[in-house]
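What follows is a short report on a single structure.
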Amino acid sequence: MPAVAAYAPGKVILFGEHAVVYGRPAIAVPVNQLRARAQVEADLNAPVGRIWIQAPDIGLSQTLDELPAEHPLAVAVRLTQEAVGAIRMPACKIRVSSTIPVASGLGSGAAVAVAMIRAVAAFLGHPLPDEQVCALAYEVEKLHHGTPSGIDNTVITYAMPVFFVKGQPIQRLRVGAPLTFVIGDTGVPSPTASSVADVRLAWQADPVAYEARFDRIAAIVTAARRCIEQGEARLLGELMNENQTVLQEIGVSSPALDHLISVARQSGAWGAKLSGGGRGGNMIACISAAEAERLRQALLAAGAVRAWITEVS
Ligand code: PMV
């Protein structure tokens with residue numbers, strides 16, 4: 076049984092985070108220069124069923140049986156095994172690595188799950204279709220943040236720009252003209268579960284105000300879809316600023332995010348906002364391709380711990 080490897084990209088949410096959990100649309104795109112990789116290799120010297128999992132990025136090197144049953148990596152393996160109908164796994168070593176920063180809104184958990192599911196299924200001789208990979212990765216996402224909308228596993232599995240509504244079939248987004256974005260990482264870890272849980276509490280306390288905010292976000296997302304399809308980058312930037320205003324009202328921005336967003340706007344970005352769960356993690360700015368590297372440097376000088384340029388086309 077030869078070693079098999081599978082990959083999945085990172086992702087960034089352009090519009091609609093948080094509101095998407097409440098049935099409103101959102102837009103996300105893959106970030107192809109960041110990716111997770113999983114490799115599965117038969118271990119001919121080990122007893123049948125011993126699955127060794129190594130994830131050096133998080134300092135993990137254990138057998139599957141030693142991992143807590145609810146560990147996302149263990150769940151990914153077991154769900155895949157069940158999905159392909161394999162009663163026992165041949166002894167193997169699974170090595171997981173990722174260049175996607177953890178807990179920063181770039182989809183590291185979903186990308187690792189997708190890569191792992193694909194690699195294990197292929198190793199067992201039953202590569203799974205994207206639809207099934209996406210559904211299994213969604214189950215793993217639930218361990219990361221309780222009530223996920225499913226946007227992360229969807230954009231990462233299909234690796235294309237998506238207009239996403241929870242529970243509806245995936246809609247591919249046409250991109251009228253290439254768009255350039257700069258992503259800046261505050262370096263502040265932000266577990267999505269806690270910001271999603273806080274928004275839920277706030278929504279329960281004041282459903283009318285929160286539903287109205289989610290509706291405003293939905294209108295921004297719909298307008299943004301038109302801009303992306305028609306290649307209107309400047310207008311798209313303005314919509315990012317509007318989305319950020321509502322995210323601030325929802326309570327998921329932070330001083331570090333606000334700082335980088337304001338630096339981006341002062342450095343020529345057409346618009347900027349947080350991306351993902353918020354409270355930390357990443358912000359994203361829309362800018363002309365010619366100005367992108369200058370903005371990337373400005374964000375690093377302003378305290379971003381990492382910054383990337385990504386093109387959506
Ligand atoms: O923090 P991320 O990138 O995993 O994004 C979460 C997006 C939310 O809308 C806040 C939650 C969700 O499940 O859609």
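First residue of the sequence shown: 76, per the numbering used here; consecutive thereafter.
For glycine and all other residues, C-beta sits at the position ideal for the given N, C-alpha and C.
ask   = Excluding the five sequence neighbours on either side, which residues of its own chain have a C-beta within less than 7 Å of the C-beta of T229, listed in chain order?
value = C209, V237, F239, I245
task = With hydrogens ignored, establish whether the beta-carbon of E396 is closer than 8 Å to any heavy atom of the ligand PMV.
result = For residue 396 there is no data in the structure shown, the boundaries of the chain being 76 and 388.
inquiry  = the ligand PMV and H334: does the residue's C-beta get closer than 8 Å to at least one heavy atom of that ligand?
reply    = no
ask   = Can you list, in chain order, the residues of its chain whose CB lies under 7 Å from that of R371, leaving out five sequence neighbours each side?
value = V257, A382, I384
task = Verify whether the separation of the beta carbon atoms of I303 and G251 is less than 9 Å.
result = yes
request  = Reducing DSSP to helix, strand and coil, say where V159 ends up.
outcome  = helix
task = Report the option in I231, R99, S269, E307 whose CA atom is closest to the CA atom of R249.
result = E307
ask   = Among A284, G184, D290, P253, which residue has its Cα nearest to the Cα of D132?
value = G184
task = Only counting runs of 4 or more residues, tell me where the alpha helix (DSSP H) segments fall wholly within the segment 224-298, in order along the chain.
result = 226-233, 267-280
task = Can you give me the Cβ contacts of A373 inside the same chain, cut-off strictly under 7 Å, excluding the 5 residues immediately before and after it?
result = V338, S342
key: Contacts around A83, its chain only, beta-carbon distance under 6 Å, and the 5 residues preceding and following it disregarded   = A111, A186, V189, A190, I231
ask   = Is the closest heavy atom of the ligand PMV to the C-beta of A293 under 8 Å?
value = no
ask   = Can you name the start and end residues of the beta strand (DSSP E) that Y82 belongs to?
value = 79-90
message = List, from N- to C-terminal side, the beta strand (DSSP E) runs of 3 residues or more that fit wholly inside the segment 92-123.
response = 101-117
task = State yes or no: is the C-beta of P236 nearer than 8 Å to some heavy atom of the ligand PMV?
result = no
message = If you reduce the DSSP assignment to three classes, tell me which class R354 lands in.
response = coil
query = From G378, E366, G353, L375, pick the residue whose C-alpha is nearest to that of F90; which is it?
reply = G353
key: Which residues DSSP lists as bridging G346, in chain order   = C361
query = Within this structure, are the beta carbons of G182 and T261 separated by less than 9 Å?
reply = no
ask   = With distances taken between CB atoms, is the gap from L254 to S350 smaller than 9 Å?
value = no
Where the beta strand (DSSP E) through A382 begins and ends = 381-387
task = Evaluate R193 with the Cβ neighbour count: other Cβ atoms within 10 Å of its Cβ, from every protein chain shown; 16 or more gives buried, anything less gives exposed.
result = buried
Whether N316 touches V87 by CB criterion (9 Å) = no
task = From the DSSP output, in three-state form, read off V171 for me.
result = strand
Straight-line gap, L399 to A196 (C-alpha atoms, nearest Å) = Coverage of the chain is limited to positions 76 through 388, which leaves residue 399 absent and any answer about it impossible.
key: CA-to-CA distance, M235 to F40, given in whole angstroms   = In the structure displayed, the chain extends from 76 to 388; residue 40 sits before or after that span and is not available.
query = If we call anything under 9 Å between Cβ atoms a contact, is A144 one with S172?
reply = no
key: Boundaries (first-last residue) of the beta strand (DSSP E) holding S136   = 135-138
message = Below 8 Å on the Cβ atoms is my contact criterion, and I expect A113 with I169 to pass it. Report the Cβ-Cβ distance as a whole number of Å.
response = 6 Å
key: T222 Cβ short of 8 Å to the ligand PMV heavy atom set   = yes
task = Tell whether a beta-carbon distance below 9 Å holds between V274 and G221.
result = no
For A166, three-class secondary structure by DSSP = coil
task = Would you kindly work out how many angstroms separate the C-alpha atoms of T174 and L109, rounded to a whole number?
result = 5 Å
ask   = If you draw a straight line from the C-alpha of V150 to the C-alpha of V215, how long is it?
value = 7 Å
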